[in-house]
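Asks: Residue numbers (my numbering), protein chains in the order written: chain A, 1002 to 1818; chain B, -12 to 472.
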Amino acid sequence: MAANMYRVGDCVYFETSSTSPYQIRRIEELNKTPSGNVEAKVMCFYRRRDLPNPLIQLADKHQLAQSEDSPIAMKLKKICLKTPVGEEQAAQAVLDPALAAMEEESSELPGTDGLAPKQRHQAKHRELFLSRHVETLPATHIRGKCTVTLLNETESLLSYLNKDDAFFYCLVFDPSQKTLLADKGEIRVGSRYQTEVTNLLKDGEEDVRVNEELETLVWTPEHGLTDRQIDQFLVVSRSVGTFARALDCSSSVKQPSLHMSAAAASRDITLFHAMDTLHKSGYSIESALSSLVPASGPVLCRDEMEEWSASEANLFEEALDKYGKDFADIRQDFLPWKTLKNLVEYYYMWKTTDRYVQQKRVKAVEAESKLKQVYIPNYNKPNPALITSNSSSGKTAPAVLNGGTNGTAGVAPGQLCASCQVTNSTQWYTWGPQHLQYRLCGTCWQYWKKYGGLKVKTAGVFGETEVEVAKGPRGEGEDTALSVSHRPHRCTVLNCAKEFKLRAHLARHVATAHGSGEGARPVMKTRAAFYLRASPFTRLARRLTRALRRPRHYARSPFSPINLQQVKHECSIAMAGLGGAELRAAGAAGAGAARVRGPVGAVAARLAAARGTPVPAARHDWLTLTPKDAMPAPPHVAFPKPPKAPDGSLMYERVLSRAEIEARRAEAAPAQPLKRRAYDDINGLDRGGPGRSSLEGAAPPPAKRPNKHPAPMQRPSREQYAAMCARAQATGQPLPAHVFTHVNGKPTNISGRGGRRHVISWMDAPDDLYFRATETAKAARRNLSCGELRRGARAPWRAMRGGACKAAAPLQLVILD
Amino acid sequence: MAMQPHSKKRVCYYYDSDIGNYYYGQGHPMKPHRIRMTHNLLLNYGLYRKMEIYRPHKATADEMTKFHSDDYIRFLRSIRPDNMSEYNKQMQRFNVGEDCPVFDGLYEFCQLSAGGSVAAAVKLNKQASEICINWGGGLHHAKKSEASGFCYVNDIVLGILELLKYHQRVLYIDIDVHHGDGVEEAFYTTDRVMTVSFHKYGEYFPGTGDLRDIGAGKGKYYAVNIPLRDGMDDESYESIFVPIISKVMETFQPSAVVLQCGADSLTGDRLGCFNLTVRGHGRCVELVKRFGLPFLLVGGGGYTIRNVSRCWTYETSVALGVEIANELPYNDYFEYFGPDFKLHISPSNMSNQNTPEYLEKIKNRLFENLRMLPHAPGVQVQAIPEDAVNDESEDEDKVDKDERMPQSEKDKRITGDGELSDSEDEGEGGRRDNRSYRTPQPRKRPRLDKDGSTIKDEIKSEDSKDDVKNISSVEEPKKEMAPNP
Ligand SMILES: [Zn+2]
Ligand SMILES: [Zn+2]
Ligand SMILES: [Zn+2]
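(1) Listed in chain order, which residues of the segment 1219 to 1253 of chain A have Cβ atoms closer than 9 Å to some Cβ of chain B?
(2) Which partner residues of A/G1788 appear in the DSSP bridge assignment?
(3) Quick check on the DSSP output: the alpha helix (DSSP H) that includes A/V1294 runs from which residue to which?
(4) According to the Cβ coordinates, are A/C1442 and A/V1457 closer than 8 Å?
(5) Which residues mark the beginning and the end of the beta strand (DSSP E) in which B/P43 is found?
(6) Once DSSP output is grouped into helix, strand and coil, what is the label at A/Y1023?
(7) So, at 8 Å on beta carbons, what are the nonlocal neighbours of B/E314 in its own chain, with the 5 sequence-adjacent residues on each side left out?
(8) Who are the Cβ neighbours of B/R266 in its own chain at under 8 Å, not counting the five residues just before and after it?
(9) Does the beta carbon of B/Q367 sit closer than 8 Å to a beta carbon anywhere in chain A?
(10) Could you say which of B/Y0, B/M17, B/L34, B/R21 lies nearest to B/G308 if we only look at CA atoms?
(11) Residues of the segment 207 to 223 of chain B in Cβ contact with chain A at a cutoff of 8 Å, in chain order, please.
(12) If we define contact as Cβ-Cβ less than 8 Å, is A/L1151 a contact residue for chain B?
(13) Could you work out which residue in B/Y320, B/G206, B/I22 is closest to B/W299 when comparing CA atoms only?
(14) Please state whether the Cβ-Cβ distance between B/G188 and A/L1565 is less than 8 Å.
(15) Report buried or exposed for B/E480, applying the criterion of at least 16 other Cβ atoms within 10 angstroms of its Cβ.
(16) For a cutoff of 8 Å on Cβ pairs, would you count B/L151 as touching chain A?
(17) Output, in chain order, the set of chain B residues within a Cβ distance shorter than 8 Å of A/D1184.
(18) Would you kindly report the start and end of the unbroken alpha helix (DSSP H) that includes B/L93?
(19) Compare the Cα-Cα distances from B/N31 to each of A/Y1023, A/K1185, A/D1232 and report the closest residue.
(20) Go to A/C1045, then tell me how far its beta strand (DSSP E) extends in each direction, as first and last residue.
(21) Quick check: B/G249 and B/I162, are their CB atoms within less than 8 Å of each other?
(22) What are the residues that DSSP puts in a beta bridge with A/K1033?
(23) Within 10 Å of its beta-carbon, does A/E953 have 16 or more other beta-carbons around it, so buried, or fewer, so exposed?
(24) Taking 7 Å as the cut-off, does the CB of B/H15 come closer than this to any heavy atom belonging to ligand 3?
(25) Nearest to A/E1029 by CA position, among A/S1021, A/V1039, A/Y1023, is which residue?
(26) Please determine if the segment 284 to 295 of chain B and the segment 119 to 127 of chain B are in contact, where contact requires at least 3 C-beta pairs separated by less than 8 Å.
(27) Output, in chain order, the set of chain A residues within a Cβ distance shorter than 9 Å of B/L30.
(28) Taking the C-alpha atoms as reference points, what is the distance between B/Y520 and A/M1261?
(29) Within the same chain, show all residues whose beta-carbon is closer than 6 Å to that of A/L1321, passing over the 5 residues directly before and after it, in chain order.
(30) On the criterion of 16 or more Cβ atoms from any shown chain inside 10 Å, does A/A1004 qualify as buried, or is it exposed?
(31) Please report the distance separating the alpha-carbon of B/G279 from that of B/G146.
(32) Is A/T1444 near ligand 1 - that is, is its Cβ less than 7 Å away from at least one heavy atom of it?
(33) Taking A/M1350 as the query, report the chain B residues whose CB atoms sit under 9 Å from its CB, ordered along the chain.
(34) Between A/N1212 and chain B, is the shortest Cβ-Cβ distance under 8 Å, so that the two count as touching?
(35) Can you tell me whether A/C1250 is buried or exposed? The criterion is at least 16 other CB atoms within 10 Å of its CB, across all chains shown.
(36) Taking 8 Å as the threshold, find out whether the segment 1182 to 1192 of chain A comes into contact with the segment 168 to 184 of chain B through three or more Cβ pairs.
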């Protein structure tokens, strides 16, 4: 029962979407709506997956810094302490070489309490970010309780992992400003904050303080009277008070009965007065008694309660109704003959009256809409993601991968749990984008719903095959391609943060709203770039299983499903009983270890023999290369070398997209008036470009597909290029983008050339990761042998060797995220 | 009064009958009226007659600027609701406006609150009292030049500054649900005042009070912060309060204690988030009182006013060592205490997020810090025989020498209520002129806790009358020389 009682202040799971993880909220208010439903006003906690990447990175470093006292750590602490840190700053801060260094150091450290990698991965799911963001949700969406506590440095993250539904937070996230802030105040140090500490009095030094000046004694317990005597005196003074009221005409009006007079005379003011009288009479009952009944008549003590006439009381209630408890206004407009103190005192006494209690009851009924707790029964309806038994054999709906060049997951996940790889579970849930056909077992589904991640770091497809996500300088497994797709598309330009359902909408927004902005950086992620890194086991499986015998077929149609069960089955049979060495040998043998064919001369001889040509015995003159200058020049070059740009790169003509070709076709028709052109298109960079007039028609409508730097129709001649370059250099303006871009169809960023930066046209980018070669990078490349370069290209994840690597250290990867 | 589990002390109580009529403004949770409610309860419980009751003077600007900056006090003195508009800039600078509104009589209110604490401190200095109470004080958030958290003038800092004239080391303990940041900041760099604050930490006002905030400069390790989470109940509060305070007493060896009794740590507080009962809250007073040091009790937060007045009434009875009935006596504000009209309150069923492990870890970390304290300087330990006579004149002589108290002062000292006769709860070795707390010799104690807790055992045995002797022997620490200045 108690488990289903949700009170104000509780942290709870809210289910707002059946397919995404629960949201974690703290109940601030529970309100009954007129229709009888209960609405919860809640404060939002955010998960790591909800935060922009730079902030996450900064948060991680901040976390590291907490345990250190190094200058860098202090610097970092300051970043987050004083003011909220936005994404831009975070991104810059993270790039700070000093911080990067710290990162490296710490990666060697056991890090977070020496957790195992898996635990460290799971610990990330327990981290939340507090926010001041408040929203209203129907209470029926509550799906259970959890706890969120501020992480204390003495605590191990393990203590959270070992407890279900336990989360921690360190930082405060502002979802509207996209900033992070440490939830910590500061004790300031300096003469403006500390007090001067009084010195101890020296010997013989006199204390200027005298109690008599600081206080007035009102009562002392050293009175020599017994409790009984004091009580008796109090009764007497009350009696005197009652009698005084009998004599007092004004009070007899208000207190028609003796009982009421006695009650009035029993109020605390009479008792306090009695005590004062005793004290003043030196605790002599006798003299105290006589001062209760001086010559002027019996003493009458009345407090505000009694002082006020009925009409004044009515006025007060009326005023209270009108002004609330603004006593200054009440006094001014209703009861100017009273002092403010009169009013306050009366107010607090009035609260004890029946009148007030009645009003309170009325208010209580009104306040009934505000609940303190609410009972929400366990939610038992099946989640739509639950796979019912007849469909659990696996859907065969056509699934299409992105069609990316280096796409992966040609292997359908089939029957495995995408997280823990089990094959047996009483319940299965579809998970992730539908076409990927991932599924989670019951436990992993629960985990996903509560903690917003998978138990294991990667969404392994088979065996140890990893789908890695190419990400920032620091690949973070947290944020898989899958979870990215759950996020709304958010503009990352500072102070904008608009959100869009479709990436295309965002693209248009960025182009129109920020497109030409100075600070605009490539911000888009066209799609998740990932590649399949075949582990030795995958390779082995390819060799061993008949199911995978058609590699070409699978390469051509990566979406056709592979029966994983069969692969697994065959593998386990084939690998049964093989030792590590044998396995390695099997893999190596299969991997097509080069056949020994002998030297090229011998091969040539064999080939010649096969043709029946007589073998030249002594020297294979025909195998010697003709010197380059002796080569006959072709009369006509089919593909002439394109001109060189000032930086030495070749300038290829841009390959037109289909849309552009169509546009060109349309161009053949009479030119349509241009409706709207972006500022840049009019005043922008392309002005001097040749063939300008024809360009305008070539550009598709800006709203649909912004293309700021349309390629020229015809490749300019060498002379034209030279003129363009010269002009660009003279004016300090960068060259039109198309002059530089489109090496292999991939745009490159030409920022850093001085002058304005370009926004590359991300819509054209086939990939969201591109490499920006700096001078040093190029120099480093030159140090590499051809073979090394090729190897690097084929296995981009592998570290480059030795000196080349060092030289390449300042290489810059630009991520479009 | 039959046997009391508490010892009787001379108690001075500061109150001005005007205090209840200061009004922070509509909707403001701080209600000075709670102090008046407490006062009326004290009268009707018959506790009033057992104390020295004082009306404090109004602290002067001169007194307040012992801590606060001149321009800040000048500002407080001149600002009124009707001239606020002329002070826009200063209001911002001194953080007056929102949480700390300008209200009618603001300056007087500060004067009374500060006046009480200062007078109380002087009272303790002159050894004219053993326990002083100022429920109108305890405004622990006020900074040197800044109002904060409903506090304008920091009466606690002013009181401690006064105590420092006679005491080499003063201990400040804060059991308000909020961090005692104003006091901590004021004494952040001195080793003569240790500030110990138990408070809710994390997404909570004022945001300071991290475990790692330990003081700076000479004051490093002299700020002790116990960050707690929602739902602290009596049991877990005591489980952390007892060992920490014992350890602090042992290592810091103060010769005077100030306890801020903010009642917003009670269950059901309008602004709080703990789950303490009046009994659990009062337990802290009881525990600190047992150390037998000059003791200043001040108020503080507390926003469910019926519980605040219950709490402070109970704590006054604890200070006096008098048991009071659970049935509340009739008084002007009796209706506030419905529907049960009882003194004690029950905890709510809110969950306690402070696990024993969490508290244990916090405790251990704080112990590590306390171990960094140098052995308290200038304290000579002089054990005296257990059956030393309760010879007052001898005591007084020593005190005279050590404390340089003028003879005239000594003559004025008032003998407490039954202080000498009620020996049954004083124990035969009872003494009350200890100038500094020392860990008592383990002679009569059943055992010494591993973690250095020195009062745990007696707490467990407190309720059994047979253990009275044990208790008192522990309670009354051994005689020793006063610290050399
Ligand atoms: Zn699973
Ligand atoms: Zn935007
Ligand atoms: Zn407080």
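For each residue, glycine too, the CB sits at the ideal point set by N, CA and C.
Replies: Looking at the atomic coordinates:
(1) Going along the segment 1219 to 1253 of chain A in chain order, one finds V1219, W1220, T1221, P1222, E1223, H1224, L1226, D1228, I1231, D1232 with a Cβ nearer than 9 Å to chain B.
(2) Per DSSP, none; premise fails for A/G1788.
(3) Taken as a continuous stretch (DSSP letters only), A/V1294 belongs to no alpha helix (DSSP H), as it is neither H nor E.
(4) No.
(5) Here the beta strand (DSSP E) through B/P43 covers 39 to 43.
(6) A/Y1023 sits in coil when the DSSP states are folded into three classes, being neither helix nor strand.
(7) Sequence-distant Cβ neighbours of B/E314 in its own chain, meaning closer than 8 Å and more than five residues away, are F328, K329, L330.
(8) In the same chain as B/R266, and ignoring 5 residues on each side of it, the C-beta atoms closer than 8 Å to its own belong to D221, Y301, H331, in chain order.
(9) Low local confidence applies: a pLDDT of 41 at B/Q367 is under 50, so the model's placement there is unreliable, with the coordinate-based value given in what follows. B/Q367 does not count as touching chain A.
(10) Closest option to B/G308, Cα to Cα, is B/L34.
(11) Here the close residues are A210, P214, R216, D217.
(12) With 8 Å as the cut-off, A/L1151 counts as an interface residue toward chain B.
(13) If we check each option's Cα against that of B/W299, B/I22 comes out closest.
(14) What sits at residue 188 of chain B in the sequence shown is Tyr, not Gly. Contact: no.
(15) Residue numbering for chain B in the displayed model covers -12 to 472; residue 480 of chain B lies beyond these limits and cannot be assessed.
(16) For B/L151, the nearest beta carbon of chain A is closer than 8 Å to its own beta carbon.
(17) Going along chain B in sequence order, the residues near A/D1184 (Cβ under 8 Å) are G189, E190, G194.
(18) B/L93 -> alpha helix (DSSP H) spans 93 to 112.
(19) Per the Cα distances, A/D1232.
(20) In the DSSP assignment, A/C1045 falls within the beta strand (DSSP E) that extends over 1039 to 1048.
(21) Closer than 8 Å, so yes.
(22) DSSP lists A/V1039 as the bridge partner or partners of A/K1033.
(23) Residue 953 of chain A lies beyond the range of chain A shown here (1002 to 1818); nothing can be said about it.
(24) No, the Cβ of B/H15 stays beyond 7 Å of every heavy atom of ligand 3.
(25) A/E1029 has its Cα closest to that of A/V1039, out of A/S1021, A/V1039, A/Y1023.
(26) The segment 284 to 295 of chain B vs the segment 119 to 127 of chain B: in contact.
(27) The contacting residues are D1269, L1272, F1273, M1276.
(28) With chain B represented from -12 up to 472, any question about residue 520 of chain B goes unanswered, as that position is not in the structure.
(29) So the list is empty, once near-sequence residues are dropped.
(30) Taking all protein chains in view, the Cβ of A/A1004 is surrounded by fewer than 16 other Cβ atoms within 10 Å, so the residue is classified as exposed.
(31) B/G279 and B/G146: Cα-Cα distance of roughly 19 Å.
(32) At least one heavy atom of ligand 1 is nearer than 7 Å to the Cβ of A/T1444, so yes.
(33) Within chain B, the residues near A/M1350 are D319, Y320.
(34) With 8 Å as the cut-off, A/N1212 counts as an interface residue toward chain B.
(35) With fewer than 16 Cβ atoms within 10 Å of its Cβ, A/C1250 is classed as exposed.
(36) Touching, per the Cβ criterion.
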